[in-house]
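In our numbering, the protein residues as written are 29 to 894.
For glycine and all other residues, C-beta sits at the position ideal for the given N, C-alpha and C.
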RNA sequence: GGGCGCGUAGCUCAGUUGGUUAGAGCGCCUGCUUCACACGCAGGAGGUCACAGGUUCGAGUCCUGUCGCGCCCACCA
């Protein structure tokens, strides 16, 4: 069994990715699930339009570590994959494709357009799935779902109807965020706010029947055409005499009332507000309070309507320019000042949102939010890291109703039918043949579709078969964990919690782990326009998937954003290569020793020095992993493994196993591979399969089905690991001395080793001789050296024992020791400290102090010898 | 206007409940084709943990304030 000299992940990663699927390694048999021993999670469904980006890869890698760890730990582990129909995003992609053919959506008609989107989905929708396979994500592909599958569509309809029946959905004319680019209403969370340098235009309105003028400050002069009132604060003394009077709208000449309302802030601008009920959310509320008329001057296309008179047909910003010009000319523009305005933009198209009044469907959020907050407050759902809860609560407490209807063609059609005859609306699970109110056949389904997040909000249970009471639902709901980016807390996580509780009566998941955003090396957000997007497929090509996974994991501290630095990927590839070569060494030694089979279950009666030590280290590693993984500290887990593999297994254990190889090394190695498997699944599967092909015992089909090594607890702590630690200390000391004295690395040096407590066994001595290239004569220190002597001293037979470099080291060492001794003796002589500090702290400090003092004394002797 | 987070080695960042001489990767310096690996090995340099107070026997870690940076939320024209 010979390994190739170089680690080439391309040679085996695709193979295992395919084999895992073909062999159905991750396909879950629900019938075999033991209650209480299950672990489940759903993948955040990527958009069908999507292709993999680095954020997905981080997300999936963390999930995969959690999933593989749980699976190996013996739990029936289900990871459900799938994708989201992504209403607006997908519709836009297909529209763009049509545009390339010279076609327009409206020319095709709704039915044909939908057919084209489905066709597009069939053709390109699976692209991301291949990429997910490439990442090594151990999902159960037999359970793949799409948010517009028949089953999930049924879940959507059922949910809608239930919410309607509970009075939690309503339809009405309200102010909504209208995106002129997408030609649809969008919800509040789909808008982003941006501070822009704008202007505050001061316009004067003549008071009717008086010489007086009222000056109004506005950031949007074009809306004045739709003004139907002016408002002053009820207690604003400047304007008390004008309450109930009428003003004349410039340009238009319309007479509008001057009203008192607390909307106006006397301290802002002139204290007079113009009211445009059809184009401003505040004004909308004022208008409803006062029964004001609505004049819609801007249309869905962001152009001025017929009501805008001479400006009709103009784009809203062009109209603004002309209106300002006109006001300037007539002298009604009294002042212009710079002003920073906060404008709302569409998250997707970046168009400036136009607040418009239109008839839409809404979900009443208040009671849903209260239940959601209760679930988090009572610990039914745990946030990791938990400081995210604050953000969650703040948002939930200020929640607004959710506009769920979209004027799109791609999505779940709203299950509501309008009767043309009696104008009543019927919400139903199935299309009614007749209007239930008037029995007319003239019923038509509502043309709107639902917000994409409505269906993804059901994802944790709709994918498990809800509304049917399926075995999957019973076995795996609530899901155990949700892992996702913090950026979709409001879009998705919150909605899932609210809908899950409302609809299923239980939380959708017990824990939420939210990670940060992956940014570029300069901490900039990645975006196509900036051109700083890093394609994970390129990274996987270049470094191998396993290396990318470990690089991402080790960079991903709890909740923090990640700055993507390529040196991380390079060192991770080096790490994978290191493991590969360590394996190569083991296999070569096996061959050399003539071992053709080995027994993984072989019990060793007494462990050798190095084995006792590595067993203890392996156990400590397993313990840290167990703690870290339970607490979702994935970066700590990855770092722990890295250090174990490189610093302990390779640098020490293998170095001595070279000198005396035995099959126990294989046992350690095999467990190490299993510990590593969730992090680097491909490489460990490859190596494990090679190793197990020589096993004399049976073994699982895949390493991912083998048990995860459990920490043995304190039992191992008692084992004698001091023997090997002493070897390490002496070797390190010898290497320092050699380096200081610039001894030729190839030269074997005569040396004398004085030991305080006992002579070294022959094996340990030979380890030191070999690792430090020494020929050692060992002796015991004279009697009486006792505690005041260091545990050992080493003398090299070279010309100068304390040349410049050695002197410098000794002096530096002494300074450091002296500092430690000073601070420790100060503390130990402090009555307060001795009285209050815990005994173990004092105890270990005393021990250290003794050791330092011995060392310092010895160092001084060496220096004095000069 | 609210809320959250960050400031630790030249760079990018770890550091769980306060406990002895603060860590990693990269970079840097010295030496090495040591029969697994130069994607390597051995040795080394480099930090008053942003600043100022406080709590404590003991603070990178807890509290208060200051400065600098980032993000999220918000219907003040």
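* Asked: Apart from the five residues just before and just after residue 276, which ones in its own chain have a Cβ nearer than 7 Å to its Cβ?
  -> 233, 234, 236, 283
* Would the segment 80 to 96 and the segment 569 to 582 be scored as touching if the rule is three or more Cβ pairs under 8 Å? -> yes
* Using only alpha-carbon positions, find the residue among 96, 32, 770 that is nearest to residue 55. => 96
* Could you name the residues of the same chain whose beta carbon sits closer than 7 Å to that of residue 403, not counting the 5 residues immediately before and after it, in chain order? => 409, 525, 529, 535
* **residue 829 (DSSP reduced to helix, strand or coil)** => Confidence is the limiting factor: at residue 829 the pLDDT is only 48, short of 50, which leaves the residue's position unreliable, though a coordinate-based value still follows. It is coil, neither helix nor strand.
* **Assigned secondary structure, residue 51 (DSSP; H/G/I helix, E/B strand, else coil)** => coil
* Touching by the beta-carbon criterion (3+ pairs, under 8 Å), the segment 584 to 591 and the segment 542 to 550 -> yes
* To do: Starting from residue 394, trace the alpha helix (DSSP H) both ways and give me its first and last residue.
  => 394 to 405
* Determine the DSSP secondary structure at residue 43, reduced to helix, strand or coil. => helix
* Asked: Is the Cβ-Cβ distance between residue 493 and residue 486 less than 7 Å?
  -> no
* So, is residue 663 buried or exposed, given that buried needs 16 or more other C-beta atoms within 10 angstroms? -> buried
* Asked: Would DSSP call residue 175 helix, strand or coil?
  -> coil
* For residue 676, which residues from the same chain have a beta carbon less than 6 Å from its beta carbon, with the 5 sequence-adjacent residues on both sides left out? -> 645
* To do: Grab the span of the alpha helix (DSSP H) containing residue 144 for me, first residue to last.
  => 138 to 152
* **Element boundaries [beta strand (DSSP E), containing residue 223]** => 219 to 235
* **DSSP state of residue 433 mapped onto helix, strand, coil** => strand
* Nearest-angstrom Cα distance between residue 110 and residue 40? -> 26 Å
* Asked: Are the segment 154 to 167 and the segment 454 to 467 touching by the rule of at least three beta carbon pairs closer than 8 Å?
  -> no
* **Contacts around residue 251, its chain only, beta-carbon distance under 6 Å, and the 5 residues preceding and following it disregarded** => 304, 307
* What is the residue span of the beta strand (DSSP E) that residue 697 lies within? -> No beta strand (DSSP E) holds residue 697; the alpha helix (DSSP H) holding it covers 692 to 704.
* To do: Measure the alpha-carbon distance for residue 695 versus residue 723 and round it to whole angstroms.
  => 11 Å
* To do: Would you mind listing the beta strand (DSSP E) stretches within the segment 349 to 390 that are 3+ residues and don't spill past its ends, in chain order?
  => 361 to 374
* Consult DSSP for residue 552 and reduce its assignment to one of helix, strand or coil. => coil
* Asked: So, using beta-carbon positions, are residue 725 and residue 639 closer together than 7 Å?
  -> no
* To do: Pull up the distance between the alpha-carbon of residue 381 and that of residue 217, whole angstroms please.
  => 12 Å
* Can you give, in chain order, each stretch of the beta strand (DSSP E) that sits fully within the segment 765 to 806 and has at least 3 residues? -> 777 to 783
* Should residue 166 be labelled buried (16 or more other beta-carbon atoms within 10 Å of its own) or exposed? -> buried
* Range covered by the beta strand (DSSP E) that runs through residue 107 -> 104 to 108
* Asked: Just the Cα atoms here: how many angstroms apart are residue 829 and residue 818?
  -> Caution applies to residue 829, whose pLDDT of 48 falls short of 50 and renders its modelled position unreliable; the value that the coordinates give is listed next. Each residue's alpha carbon lies about 18 Å from the other.
* To do: Could you give the DSSP three-state label for residue 169: helix, strand or coil?
  => helix
* To do: Evaluate contact between the segment 110 to 129 and the segment 73 to 81, counting only Cβ atoms and requiring at least three cross-stretch pairs below 8 Å.
  => yes
* **Identified DSSP bridge partners for residue 537** => 507
* Asked: How long is the line joining the alpha carbons of residue 268 and residue 296, rounded to whole angstroms?
  -> 17 Å
* Could you tell me which residues DSSP puts in a beta bridge with residue 75? => 112
* Asked: Okay, do the segment 190 to 199 and the segment 384 to 394 touch, 3+ Cβ pairs below 8 Å being the bar?
  -> yes
* Asked: What are the residues that DSSP puts in a beta bridge with residue 241?
  -> 234
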